[in-house]
Structure formats: structure tokens, C-alpha cells
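Undergrad:
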Amino acid sequence: MKNISVMISEREVDERINEMAMQINEDYAGKEVHLICILKGSIFFTCELAKRITVPVTIDFMAVSSYGGGTESSGTVKIRKDLDEPIAGKDVIVIEDIIDSGRTLSNLLELLQTRNPKSIRLCTLLDKPSRRVVEVPVDYTGFSIPDKFVVGYGLDFDQNYRNLPYIGVVEL
């Protein structure tokens with residue numbers, strides 16, 4: 001068991017997701033939105049956000065990686081699970097748990113654009129702008145955080161701690 005301190009409380013996460021959903025409801029009033037959950041880390045955030053969106057919602061899932069065997073993103077996107085449905089003509093929001101270097105997301109957004117969505121936006125629970133190597137257009141951000149190793153709300157340390165209801169910092 002690692003020592004984990006609370007960075008963002010469960011209540012703060014809950015309130016911010018409500019605010020983000022209200023903004024999405026406003027931005028997509030009269031439309032249907034198609035959420036793409038990036039597995040595994042985004043599943044908790046996607047579910048909570050989707051429950052609070054009042055416009056019609058469809059959801060699909062992708063599993064992508066760009067780390068290979070190391071801890072530094074290579075930026076080359078490897079699709080481990082592709083979408084089940086086409087996104088052509090849809091208003092799409094890609095849901096991420098955390099944006100770090102931006103390499104993977106930049107390449108993923110380029111790939112998704114080739115599939116002709118009507119629009120594509122990016123939503124993340126956490127953003128680490130100090131780690132950005134490639135700029136990506138983030139439309140909805142939950143929290144900007146410092147460069148700390150965080151877990152909870154879907155984020156893991158060696159597949160553990162995803163189920164924490166808050167964002168915690170792993171004290172290494």
C-alpha cells in the first residue's frame with residue numbers, strides 16, 4: 001500500500017463534473033453528443049459526466065497507448081481497441097482522464113478527424129500543462145494540476161487505486 005494524500009476531494013471532483021456537464025449541455029443544446037471514452041483511465045469520469053449530460057448521449061470506447069515499454073510517451077498511437085461505430089457526421093467529445101505531454105492525444109485527434117466527425121472536442125478531468133510537449137486544443141478541463149503522480153477516479157498506479165473517489169498524490 002502506497003502513501004496517498006488527497007489533492008482534490010471527492011466533493012470538489014463532483015462539483016466540477018457538474019459544472020462541466022452544464023457547459024456541455026449549453027454548448028450542445030438541441031444536438032446529440034457522442035462521447036469517446038479513452039480506456040481504461042477515463043471510465044469513471046466518462047460515466048459520471050454522461051449521467052449529468054441532459055442532451056442525448058451515445059458512448060463508444062477506445063483503448064490507445066503510446067508508451068511502449070517505457071515511461072515516456074513515444075507519441076505513436078497504437079490502437080488496442082477501436083471504436084465500434086463510425087463517427088462520421090457526429091458531434092464528438094473525446095474524454096480523457098489526464099493530459100500530460102499531449103503527444104498521444106494530438107495523434108489520436110488527427111486520426112479521428114480522418115473519420116469525418118461533424119465536430120470534435122476534447123474533455124479532460126485533469127491537465128498537466130507543465131508537461132506539454134505538443135499543444136492540443138482542450139475544450140473542457142476539470143482541473144489543472146502540478147506535475148505530481150496522481151491516482152484515483154480512474155487513474156492508477158500499476159492498475160491499483162483507480163477506484164478512489166478523489167484525486168490523490170502518490171508519495172513515492
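Using my numbering, read the sequence shown as starting at 1 and increasing by one per residue. We put the CB at the ideal spot given by N, CA and C, even for glycine.
On the criterion of 16 or more Cβ atoms from any shown chain inside 10 Å, does Y153 qualify as buried, or is it exposed?
TA: As a working mapping, residue 153 is identified with position 153 in the sequence shown. Using a 10 angstroms sphere on the CB of Y153, the tally of other CB atoms reaches 16 or more, which defines it as buried.
Undergrad: Keeping to the same chain, check which residues put their C-beta closer than 7 angstroms to that of E10; ignore five residues upstream and five downstream.
TA: On the sequence shown, residue 10 is found 10 positions in, with the first residue counted as 1. Closer than 7 angstroms at Cβ, skipping near neighbours: P165, Y166.
Undergrad: Take the Cβ of T54 as the centre, count every other Cβ of all protein chains shown within 10 Å, and call the residue buried at 16 or more, exposed below.
TA: Taking the sequence shown and counting its residues from 1, one reaches residue 54 at position 54. Looking at its Cβ environment, which holds fewer than 16 other Cβ atoms inside 10 Å, T54 is exposed.
Undergrad: With burial defined as no fewer than 16 other Cβ atoms inside 10 Å of the residue's Cβ, what is the status of P117: buried or exposed?
TA: In the sequence shown, counting from the first residue as 1, residue 117 sits at position 117. By the neighbour-count rule (16 or more Cβ atoms within 10 Å), P117 is buried.
Undergrad: Roughly how many angstroms lie between the CA atoms of D27 and F157, to the nearest whole one?
TA: If you number the sequence shown from 1, residue 27 lands on position 27. If you number the sequence shown from 1, residue 157 lands on position 157. C-alpha separation (whole angstroms): 34 angstroms.
Undergrad: At what residue ranges does the stretch 98-147 contain a whole run of the beta strand (DSSP E), taking only runs of 3 or more?
TA: Those beta strand (DSSP E) runs which fall completely within the stretch 98-147 and span 3+ residues are 119-127, 140-144.
Undergrad: Relative to the C-alpha of G102, which candidate in R115, N160, P137, L111 has its C-alpha closest?
TA: Numbered from 1 along the sequence shown, position 102 holds the residue referred to as residue 102. When each option's Cα is compared against that of G102, the closest is P137.
Undergrad: Measure the alpha-carbon distance for N25 versus S119 and round it to whole angstroms.
TA: Locating residue 25 in the sequence shown gives position 25, where the first residue counts as 1. Locating residue 119 in the sequence shown gives position 119, where the first residue counts as 1. Distance between the alpha carbons of N25 and S119: 15 angstroms.
Undergrad: Please report the straight-line C-alpha distance between N3 and I95, rounded to a whole angstrom.
TA: Within the sequence shown, the letter at position 3 stands for residue 3. Within the sequence shown, the letter at position 95 stands for residue 95. Rounded to the nearest angstrom, the two C-alpha atoms are 28 angstroms apart.
Undergrad: Assign T76 to buried or exposed, taking buried as 16 or more other Cβ atoms, counted over all protein chains shown, within 10 Å of its Cβ.
TA: Against the sequence shown, residue 76 aligns to sequence position 76. T76 is exposed by the Cβ-count criterion.
Undergrad: What's the call for K90, buried or exposed, on a 16-neighbour Cβ count within 10 Å?
TA: Here residue 90 refers to the residue found at position 90 of the sequence shown. Counting every other CB atom within 10 Å of its CB across the protein chains shown gives K90 a total of 16 or more, marking it as buried.
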